[in-house]
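In our numbering, the protein residues as written are 13 to 749.
Positions of the beta carbon are idealized from the N, C-alpha and C atoms, including for glycine.
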Amino acid sequence: GSVENLLARTAELKGRLKESLETNRDIALLSKQLVTIMCDAPCPCDLDAMKLRPPNEEALKALFVEFEFNSIGRRLFGDDFKAGRGFESPVGSATPVEAAAVSAATPSEAGASTVSGGQADTALALTGEPVRRDAGLTLLADVPHDYRTLKTAAEISGLIQALQASEVICFKAETVGADVKEARLDGLAFSVKPHESFYVPLPANAEQAAERLEAFRPILESARIAKVGHNLKFDLTVLKWRGISVQGKLFDAMVAHSLIEPDQRHSLDYLAEVYLGYSPGKSVEAGQQEQLSLGDVASEKIAERAMEAADLALQLCAVLEPLLKEKGQERVFYEVESPLIPVLVDMEREGIRLDSAALAEFATQLSRQMSELEKSICQAAGREFNLNSPRQLGEVLFEVLKIGEKPKKTKTGQYATDEQTLMALAPENEVVQRLLEYRGASKLKSTYADALPLAIWPKTGRIHTTYNQVATTTGRLNSQNPNLQNIPIRTERGQEIRKAFVPRDTEHRLLSADYSQIELRIIAALSREAGLLEAFNTGVDVHTATAARVYGVALADVTSEMRRKAKMVNYGIAYGISAFGLAQRLNIPRKEGAEIIDQYFRQFSGIRQFMDGTIEFARKNGYVETVTGRRRYIRDINSSNATVRSSAERNAINAPIQGTAADMIKLAMIHIHAELNRRKLRTRMLLQVHDELVFDLFQPDEAEVLALVKEKMRNAIKLEVPIEVEAGVGQTWLEAH
Numbered sequence: 013g014s015v016e017n018l019l020a021r022t023a024e025l026k027g028r029l030k031e032s033l034e035t036n037r038d039i040a041l042l043s044k045q046l047v048t049i050m051c052d053a054p055c056p057c058d059l060d061a062m063k064l065r066p067p068n069e070e071a072l073k074a075l076f077v078e079f080e081f082n083s084i085g086r087r088l089f090g091d092d093f094k095a096g097r098g099f100e101s102p103v104g105s106a107t108p109v110e111a112a113a114v115s116a117a118t119p120s121e122a123g124a125s126t127v128s129g130g131q132a133d134t135a136l137a138l139t140g141e142p143v144r145r146d147a148g149l150t151l152l153a154d155v156p157h158d159y160r161t162l163k164t165a166a167e168i169s170g171l172i173q174a175l176q177a178s179e180v181i182c183f184k185a186e187t188v189g190a191d192v193k194e195a196r197l198d199g200l201a202f203s204v205k206p207h208e209s210f211y212v213p214l215p216a217n218a219e220q221a222a223e224r225l226e227a228f229r230p231i232l233e234s235a236r237i238a239k240v241g242h243n244l245k246f247d248l249t250v251l252k253w254r255g256i257s258v259q260g261k262l263f264d265a266m267v268a269h270s271l272i273e274p275d276q277r278h279s280l281d282y283l284a285e286v287y288l289g290y291s292p293g294k295s296v297e298a299g300q301q302e303q304l305s306l307g308d309v310a311s312e313k314i315a316e317r318a319m320e321a322a323d324l325a326l327q328l329c330a331v332l333e334p335l336l337k338e339k340g341q342e343r344v345f346y347e348v349e350s351p352l353i354p355v356l357v358d359m360e361r362e363g364i365r366l367d368s369a370a371l372a373e374f375a376t377q378l379s380r381q382m383s384e385l386e387k388s389i390c391q392a393a394g395r396e397f398n399l400n401s402p403r404q405l406g407e408v409l410f411e412v413l414k415i416g417e418k419p420k421k422t423k424t425g426q427y428a429t430d431e432q433t434l435m436a437l438a439p440e441n442e443v444v445q446r447l448l449e450y451r452g453a454s455k456l457k458s459t460y461a462d463a464l465p466l467a468i469w470p471k472t473g474r475i476h477t478t479y480n481q482v483a484t485t486t487g488r489l490n491s492q493n494p495n496l497q498n499i500p501i502r503t504e505r506g507q508e509i510r511k512a513f514v515p516r517d518t519e520h521r522l523l524s525a526d527y528s529q530i531e532l533r534i535i536a537a538l539s540r541e542a543g544l545l546e547a548f549n550t551g552v553d554v555h556t557a558t559a560a561r562v563y564g565v566a567l568a569d570v571t572s573e574m575r576r577k578a579k580m581v582n583y584g585i586a587y588g589i590s591a592f593g594l595a596q597r598l599n600i601p602r603k604e605g606a607e608i609i610d611q612y613f614r615q616f617s618g619i620r621q622f623m624d625g626t627i628e629f630a631r632k633n634g635y636v637e638t639v640t641g642r643r644r645y646i647r648d649i650n651s652s653n654a655t656v657r658s659s660a661e662r663n664a665i666n667a668p669i670q671g672t673a674a675d676m677i678k679l680a681m682i683h684i685h686a687e688l689n690r691r692k693l694r695t696r697m698l699l700q701v702h703d704e705l706v707f708d709l710f711q712p713d714e715a716e717v718l719a720l721v722k723e724k725m726r727n728a729i730k731l732e733v734p735i736e737v738e739a740g741v742g743q744t745w746l747e748a749h
């Protein structure tokens with residue numbers, strides 16, 4: 013096809029698309045001409061003129077100032093660079109970086125690096141000289157460095173001795189492939205001094221590779237030697253799959269930066285450019301899905317990239333450590349995020365068993381239900397059509413069946429058939445209800461019933477998800493490959509998916525432990541609202557208590573409808589629910605929604621004061637904090653755009669609540685994991701899903717483990733309200749939950 017052919021056949025089109033094309037025929041042809049590359053342009057090719065040369069810094073700075081390119085200006089010319097209007101950032105959001113490199117000790121002197129005591133007991137003594145930031149980005153070839161690949165027994169033995177004498181080492185597991193389960197471990201890179209790095213390749217022979225790796229076990233499993241790196245969870249997981257459990261205090265540059273600048277990128281390339289003024293070789297960070305396959309790259313290049321990555325990670329840790337203190341993030345880093353890394357490593361390695369036969373049977377049931385629904389919808393329409401075609405579906409719903417008085421249309425002129433549009437029409441039309449049911453079944457089948465069995469690792473027969481610590485600004489974990497945090501639970505069909513998750517064997521059952529109303533309890537504690545505190549501390553149903561105060565009735569007179577509306581307000585408050593939003597969710601007039609919210613704030617004035625105070629704090633400081641001190645920077649809190657500012661205000665209110673809940677369950681995970689290991693119990697933590705933890709419970713230990721899990725979850729963070737944990741045990745995840 014071509015633009016010309018399309019314009020010649022506009023008579024076959026309908027609606028706004030046809031009208032737009034016919035009206036703008038000349039513009040369409042001109043647009044094609046503008047984007048068509050001229051292959052015969054008189055453009056002489058001068059290779060010398062294309063060589064990379066140092067920029068004219070004065071001219072470049074002037075250009076950046078003119079166009080207010082603050083971010084790239086700071087990356088090239090340092091953090092003092094300013095480009096005028098718009099540069100000013102909120103207090104505490106972005107401070108100049110005084111970059112430092114690791115102290116220049118030789119491998120034999122590396123023992124001078126120490127793990128200091130107290131809060132400092134967790135901090136690593138990484139100090140050194142400032143890195144120049146005024147010369148643009150440097151490359152590896154521009155920096156004096158000593159990178160060596162060690163192959164002889166004598167060389168490797170010398171490195172091992174030097175590492176054993178160190179108290180802080182940086183290492184990187186270099187793999188061919190990004191999947192930790194099946195990637196080939198090519199070698200290990202180590203660094204204890206800036207610009208000096210060593211690479212130990214592993215032989216192709218499996219037995220010889222295992223023997224060489226075994227030589228480094230005492231170092232990697234030494235609790236005395238602190239380990240630093242970038243994306244350490246990847247490195248630790250690679251080694252975990254090979255039988256090595258890395259021990260010792262951890263400092264991960266990626267995780268540290270996610271606390272210092274939560275909204276920025278955290279890749280090794282980006283951090284090296286911003287904090288070291290250095291442009292690394294491409295794809296040096298481990299485990300990134302976008303990284304190039306190293307299978308066809310020469311072994312020398314693999315080694316160089318690995319050594320460069322270890323060297324840069326070591327330097328970055330020295331830069332980021334003081335920034336953690338400057339930004340008030342030491343507690344979150346050393347008490348929450350760093351200790352969580354080995355917990356996640358163990359959970360990912362453990363995986364969870366899936367009954368694939370049960371899912372296959374469920375997929376068959378879904379296919380049958382979808383076929384029946386499709387048949388009934390087509391019968392109602394009086395014609396066969398493709399339910400998955402938005403165009404055909406729109407024509408059937410709004411032209412054939414005449415559903416709705418003024419149907420919406422998209423920018424392309426087609427009828428809108430998105431879920432929100434159909435949900436609004438569903439109460440009055442059975443065909444739309446069936447269509448939504450069809451879509452729900454289709455999504456369940458493709459996303460879960462068909463896809464989850466494909467994620468089973470053949471060698472273990474289990475699903476091994478990957479947790480990401482740095483993907484959200486609130487501190488929540490996310491899960492991928494596959495995503496197990498969105499497994500549905502509310503519908504009967506969705507529950508069939510959870511039913512397919514089962515314990516490892518007949519000696520185990522699944523244990524599910526879930527925080528009860530945790531975000532609402534956190535709101536009560538942060539706002540110190542007397543009404544909510546009283547409800548939680550006396551054990552009264554909080555939604556019933558809320559309804560009684562909002563509607564001015566006794567607890568005994570609260571109806572189920574009153575409680576339902578109060579519950580929606582209680583949970584909507586943290587997300588800045590509006591009168592319109594409440595009315596839409598409860599299917600009530602907007603005026604009634606506004607009255608409910610107004611009455612809510614009159615009865616619970618402490619919550620309004622908390623919200624207003626949080627917004628004011630964000631305006632003055634540029635950030636908000638959780639109970640543990642985790643910050644979320646609210647960049648647009650003082651925006652002149654009302655829509656943007658309102659969104660920022662909602663984020664400011666929500667972040668301390670969600671973030672505190674995230675920190676609470678992370679601390680619980682750390683404490684439970686440590687205690688299970690200390691007691692040498694056979695129960696294993698498998699999944700974290702929002703406010704829920706799932707375990708493979710060894711049945712003889714049921715009473716002990718239930719008590720342990722509840723105690724650690726309840727006491728992870730002390731609040732002014734009791735923390736309740738609901739726990740259940742069963743033969744499936746559904747039965748346990």
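Open item on the list: Closest to ILE677 by C-alpha separation, out of ILE665, VAL721, ARG696, would be which residue?
Closed with: When only C-alpha atoms are compared, the closest one is VAL721.
- [ ] Would you please state the rounded distance, in angstroms, between the beta carbons of ALA557 and ASN666? I believe it to be under 8 Å.
- [x] Going by Cβ atoms, the distance from ALA557 to ASN666 rounds to 23 Å, so no, they are not a contact pair.
Open item on the list: Just verifying my parser: in three-state terms, what is the DSSP assignment at TYR612?
Closed with: Helix, per DSSP.
Task: GLY625, enclosing alpha helix (DSSP H) - first and last residue - done: Run containing GLY625: 617–633, per the alpha helix (DSSP H) assignment.
- [ ] Would you give the residue range spanned by the beta strand (DSSP E) that ARG696 belongs to?
- [x] In the DSSP assignment, ARG696 falls within the beta strand (DSSP E) that extends over 696–701.
Open item on the list: Can you tell me whether LYS457 is buried or exposed? The criterion is at least 16 other CB atoms within 10 Å of its CB, across all chains shown.
Closed with: It is buried - the Cβ of LYS457 has at least 16 other Cβ atoms within 10 Å.
Task: Contacting residues, own chain, Cβ-Cβ under 6 Å from GLN497 (five flanking each side not counted) - done: Only SER491, VAL701 meet the Cβ criterion.
Open item on the list: Is the separation between the beta-carbon of VAL552 and that of ALA559 shorter than 7 Å?
Closed with: No, these two residues do not count as a Cβ contact at 7 Å.
- [ ] Going by DSSP, name the residue or residues bridged to PRO213.
- [x] Its beta-bridge partners are GLY199.
- [ ] Pick out the complete beta strand (DSSP E) segments inside the region 237–286, 3 residues or longer, and give them in chain order.
- [x] Entirely contained in the region 237–286, the beta strand (DSSP E) runs reaching 3 residues are, in chain order, 238–241, 262–264.
Open item on the list: Going by the DSSP bridge assignment, what does ALA185 pair with across the sheet?
Closed with: Bridge partners of ALA185: LEU200.
- [ ] With DSSP as the reference, label SER524 as helix, strand or coil.
- [x] Of the three classes helix, strand and coil, the one that applies to SER524 here is strand, per DSSP.
Task: Straight-line gap, ILE314 to ARG236 (C-alpha atoms, nearest Å) - done: Just so you know, the alpha carbons of ILE314 and ARG236 end up roughly 30 Å apart.
- [ ] Quick one: using the 10 Å Cβ neighbour count with 16 as the cut-off for buried, is SER270 buried or exposed?
- [x] SER270 comes out buried.
Open item on the list: I need the DSSP call for ASN480, collapsed to helix, strand or coil.
Closed with: The three-state secondary structure of ASN480, taken from DSSP, is strand.
TODO: Leaving aside the five residues before and after ILE735 along the sequence, list all residues of the same chain whose C-beta is less than 6 Å from its C-beta, in chain order.
DONE: The answer, listed in chain order, is ARG726.
Open item on the list: Assuming ALA739 is part of the beta strand (DSSP E), what are its boundary residues?
Closed with: Note, ALA739: beta strand (DSSP E), 737–742.
Open item on the list: Contact defined as beta carbons within less than 8 Å: I believe VAL258 pairs with LEU232. What is the distance between those atoms, to the nearest angstrom?
Closed with: Contact between VAL258 and LEU232 holds: CB atoms are separated by about 5 Å, below the 8 Å threshold.
TODO: Rounded to whole angstroms, what's the CA-CA distance from VAL155 to HIS207? Just pull it up for me.
DONE: Each residue's Cα considered, the two are about 8 Å apart.
Open item on the list: I'd like to confirm the pairing. Which residues does DSSP put opposite ASP158 in its beta bridges?
Closed with: Answer is GLU208.
Task: Cα-Cα separation between GLY416 and GLY27, rounded to whole angstroms - done: Each residue's alpha carbon lies about 18 Å from the other.
Open item on the list: Assess contact between the region 501–508 and the region 708–718, defined as three or more Cβ pairs (one per stretch) separated by less than 8 Å. Is contact present?
Closed with: By the Cβ test, the region 501–508 is not in contact with the region 708–718, since fewer than three Cβ pairs between them sit closer than 8 Å.
Open item on the list: By the three-class DSSP mapping on this structure, what secondary structure does LEU709 have?
Closed with: In the structure shown, LEU709 sits in a strand (DSSP, three-state: E or B).
Open item on the list: My output table needs one value for PHE513: the three-state DSSP class, helix, strand or coil.
Closed with: Look at PHE513 here: in three-state DSSP terms it is strand.
Task: Residue interval of the beta strand (DSSP E) (run including ARG662) - done: That residue, ARG662, is in no beta strand (DSSP E); its alpha helix (DSSP H) goes 654–690.
Open item on the list: So, for ARG37: in the same chain, excluding its five sequence neighbours on each side, which residues have a beta-carbon less than 8 Å away from its beta-carbon?
Closed with: Same-chain partners within the cutoff: LEU19.
TODO: Compute the distance between the beta-carbons of MET697 and MET435, then report whether it is under 7 Å.
DONE: Result no, Cβ atoms of MET697 and MET435 do not sit closer than 7 Å.
Open item on the list: On the DSSP letters alone, give me the boundaries of the alpha helix (DSSP H) that ILE353 sits inside.
Closed with: Counting along the chain, the alpha helix (DSSP H) containing ILE353 begins and ends at 350–362.
TODO: Take ALA630 and list the residues in its own chain whose beta-carbon comes closer than 6 Å to its own, dropping the five residues that flank it on each side.
DONE: These residues qualify, in order along the chain: VAL636, ILE646, ILE649, ALA664.
Task: Same chain, Cβ closer than 7 Å to ALA537, five either side skipped, listed in chain order - done: Residues of the same chain with a CB within less than 7 Å of the CB of ALA537, apart from the 5 flanking positions on each side, are LEU731, GLU732, VAL733 in chain order.
- [ ] Starting from the C-beta of LEU244, find all residues in its chain whose C-beta is less than 7 Å away, skip the five residues before and the five after it, and write them out in chain order.
- [x] Here LEU244 has LEU262, ASP264, ILE353 as same chain residues with Cβ atoms under 7 Å from its own Cβ, once five neighbours each way along the sequence are excluded.
- [ ] Verify whether the separation of the beta carbon atoms of LYS751 and ALA321 is less than 7 Å.
- [x] Because the chain spans 13 through 749 in this model, residue 751 falls outside it and cannot be assessed.
Task: Option nearest LYS239 by Cα separation, candidates LYS163, PRO470, VAL180, LEU489 - done: For the residues LYS163, PRO470, VAL180, LEU489, the minimum Cα distance to LYS239 belongs to VAL180.
Task: TYR645 - containing beta strand (DSSP E), residue span - done: Note, TYR645: beta strand (DSSP E), 643–645.
Open item on the list: I'd like to check one pair, LEU33 with THR48: are the Cβ atoms closer than 7 Å?
Closed with: Cβ distance not < 7 Å, so THR48 and LEU33 don't count as in contact.
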